[in-house]
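J.:
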Amino acid sequence: MFLRLSIAIALAGVYALITASRQPDAALKARLVRWSTAWIVPPFILFPVFVRWYLRHVPSDLWASATGPMPTATRNARFAVFFSVATLVVALLALIRPRRLHLAHSLVVVFLALGAMGSFEFVRESIRKPYVIANYLYSNSLYTSPMPGDGGYTPDGIDQAGVLATAKWLRTHELTGTNREAAGREIFRVECQSCHTPNAYRGIKGFLAARHWDEPKIQAMLGALDLMHNGVMPPFSGTGAERAALAGFLEALHPCEGTQAHIEDGKTVFQNNCGVCHRIQSAGAVFATLRSMAAPAATQALKDLPGLFPPMPDLKLSEQERTALIRWVDSQPIPKR
Ligand code: HEC
Ligand code: HEC
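If you read the sequence shown in the working numbering, its first letter stands for residue 3, the second for the next number, and so on.
Next up, the structure:
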């Protein structure tokens, strides 16, 4: 609240600076410029204090995922610092000759200040995912665990009752032989659309084009959404048939065209199948575990991913894919200690 309040106060000064720069009367203009910067500068000086306060209250598990492989938070944090310092400096420059402040100068301040606010909002957004309220309410409005009065709106409750039967604002409440894709679209709308669009923002179509997942693979992956990208997503909730319907809808966005590289090149196999959860990290546990086995045993072990770690999706990689993957892993340089 204090962070947002200080941003709001700074923006008030930033907008007033535009009015000031358009003022023909030089004496009045100088007064207005000084007045506006007096709104801009103190909040920017207080920012570090409030940011520290805010960050100290981020639960440690959320913090771990925000600083992990999903780079949104850390990248935007750098932007936020850069834009904040730049706003402060350029706003202070206006005080050198307040009677001559040009519109262009005040517009630069606007641009930098909005950049600072935008970056900060991206940081905050990506830190809180997959929750609206940490460990209590997910972004898709489900409670994280059962509690009195939850109305069945928890992942467990919905796994049992079904999302179509539970969610209120749907066009269809039933899965029939003929409405699979339409029902899948409705499930997407209530469970995924708070963070994804089908084709544009974090568009599923683009992800599928890059990863080449066919329908069975999408269905398997849907069972492990909460493990992907360091845990930014709530788990999929719904019955098996509903998961299949959602997979059908998603597959139709980008029907999978198999090409040879996706099964013959080990690195591509890794990126398409494992890369949503594991980074390519020669020194990491995944590589070490696979390397610790002889190639035929490792190839065999990949047949049963849940056997390696039970929550992993059962991806049913082909013999050819598994062989290529292990050959590639074994060819990676072993890191020196
Ligand atoms: C709380 C927000 C949120 C919700 C809800 C959510 N996702 Fe995600 N999802 C993300 C984020 C963030 C990423 C990381 C994407 C990125 O790298 O830009 C992601 C990644 C993915 C990916 C992997 C993309 C890739 O290839 O790397 C898939 C597939 C996906 N989401 C599907 C879904 C589906 C299906 C649902 C609904 C059942 C869903 N998501 C619900 C936030 C969410
Ligand atoms: C939906 C997410 C997900 C996918 C997809 C996935 N994994 Fe995993 N995997 C995990 C998680 C979570 C763990 C346990 C924590 C860890 O070790 O990172 C794990 C553990 C492992 C381990 C054991 C590591 C150890 O510490 O001993 C291996 C080996 C492994 N995965 C290999 C793979 C391979 C190979 C693929 C692709 C064919 C793959 N995984 C796909 C989530 C996933």
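Glycine included, each C-beta is placed from N, C-alpha and C at the ideal position. From a predicted model like this one, the values you see are computed outputs, not experimental measurements.
Rounded to whole angstroms, what is the Cα-Cα separation between Ala287 and Met223?
T.: If you take the alpha carbons of Ala287 and Met223, they lie about 21 Å apart.
J.: Of the choices Arg213, Pro44, Ile20, Ala22, whose alpha-carbon is the least far from that of Ala12?
T.: Ala12 has its Cα closest to that of Pro44, out of Arg213, Pro44, Ile20, Ala22.
J.: Going straight from the alpha carbon of Val35 to that of Arg102, what length do you get?
T.: C-alpha separation (whole angstroms): 10 Å.
J.: I'd like the span of the alpha helix (DSSP H) that includes Tyr138, first residue to last.
T.: Neither: Tyr138 is in no alpha helix (DSSP H) and is coded neither H nor E.
J.: Given this structure, state the Cα-to-Cα distance separating Leu172 from Gly159, to the nearest angstrom.
T.: If I take the Cα positions, the gap works out to 18 Å.
J.: So is Lys131 buried or exposed if we call it buried at 16+ other beta carbons inside 10 Å?
T.: Buried, by the Cβ-count rule.
J.: Nearer than 7 Å: is that true of the beta carbon of Cys197 relative to any heavy atom of ligand 1?
T.: Yes.
J.: Hey, would you say the C-beta of Phe238 is under 7 Å away from at least one heavy atom of ligand 2?
T.: For ligand 2, not one heavy atom lies less than 7 Å from the Cβ of Phe238.
J.: Whose C-beta lies closer than 7 Å to the C-beta of Leu307 among residues of the same chain, with five residues either side of it excluded?
T.: Only Met314, Pro315, Asp316, Leu317 meet the Cβ criterion.
J.: Nearest to Asn142 by CA position, among Phe311, Asp228, Pro218, Ala82, is which residue?
T.: Cα-wise, what sits closest to Asn142 is Asp228.
J.: Between which residues of its own chain and Thr199 is the CB-CB distance below 6 Å, once the five residues before and five after are set aside?
T.: Here the set comprises Gly205.
J.: Kindly indicate which residue of Thr21, Thr89, Pro26, Pro237 has the alpha-carbon position closest to the one of Asp161.
T.: For Asp161, the nearest C-alpha among the options comes from Pro237.
J.: Please classify Val134: is it buried, with 16 or more other beta-carbons within 10 angstroms of its beta-carbon, or exposed?
T.: By the 10 Å Cβ count, Val134 comes out exposed.
J.: Work out the CA separation of Ala106 and Arg347 for me, nearest whole Å.
T.: Outside the shown range of the chain (3 to 339) lies residue 347, about which nothing can therefore be said.
J.: Is Ile282 near ligand 1 - that is, is its Cβ less than 7 Å away from at least one heavy atom of it?
T.: No, Cβ of Ile282 sits at least 7 Å from all heavy atoms of ligand 1.
J.: Let me check you understand the geometry: is the CB of Cys194 closer than 7 Å to at least one non-hydrogen atom of ligand 1?
T.: Indeed, a heavy atom of ligand 1 lies less than 7 Å from the Cβ.
J.: Tell me which same chain residues have a C-beta within less than 8 Å of the C-beta of Tyr138, skipping the five on either side of it?
T.: Tyr145, Thr146.
J.: Buried or exposed for Glu266, going by 16 or more other Cβ atoms inside 10 Å?
T.: Exposed, since its Cβ has fewer than 16 Cβ neighbours within 10 Å.
J.: How is Tyr56 classed by DSSP in three states: helix, strand or coil?
T.: Reduced to three states, the DSSP call for Tyr56 is helix.
J.: Assign Tyr155 to one of three DSSP states: helix, strand, or coil.
T.: In this structure, Tyr155 counts as coil in the three-state DSSP scheme.
J.: Cβ of Phe311 within 7 Å of any heavy atom in ligand 2?
T.: Yes, the beta carbon of Phe311 sits closer than 7 Å to at least one heavy atom of ligand 2.
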